[in-house]
Amino acid sequence: MLRHGVVLFSGILAGCIAAAAHAEEYRGTFAQRMACTPDVFKLCGSEIPDVGRIVACLRQNQSQLAGPCRAVFESNAEATGDDIAARATGGVVKAGSHQ
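All the letters of the sequence shown, read from the start, carry residue numbers -23 to -1, 1 to 76 under mature numbering (1 follows the signal peptide of the UniProt record, and there is no 0).
Below, the structure is given as structure tokens:
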């Protein structure tokens, strides 16, 4: 009985770690998050805590973003062809397009 409990707990723990790692994939670096945090609260507060919706909101409001956050989105678009936005929103975003 104890062995089944340990196996079950290990499986649940592994699943939680995998889910956390997957979710973290779309959050950007610490510096990127800090650059965009004021804009998230100012423009996209209603989307918190859904990372995909926050990214989509920031992209939709890109013309209103402060310089540091706008630079994050511009550098990511150039470096990845908008793959980050596509994965975060679950959609397909063509390079250079804005949602």
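By construction, the Cβ of each residue, glycine as well, lies at the ideal position given by its N, Cα and C atoms.
Computed from a predicted structure; not experimentally measured.
Query	Result
Using the C-alpha atoms, what's the distance from G22 back to R47?	17 Å
Is it buried or exposed for R36, if we count other Cβ within 10 angstroms and need 16 for buried?	buried
Leaving out five residues before and five after Q41 in sequence, what residues of the same chain have Cβ atoms less than 7 Å from its Cβ?	L20
Cβ of T6 within 7 Å of any heavy atom in the ligand HEM?	As presented, the structure is devoid of all ligands, the ligand HEM included, so that no description of it is given.
Starting from E4 and walking both ways along the alpha helix (DSSP H), at which residues does that stretch end?	Glu is not the amino acid found at residue 4; the sequence shown has Arg there. Premise fails: R4 is in no alpha helix (DSSP H) and is neither H nor E.
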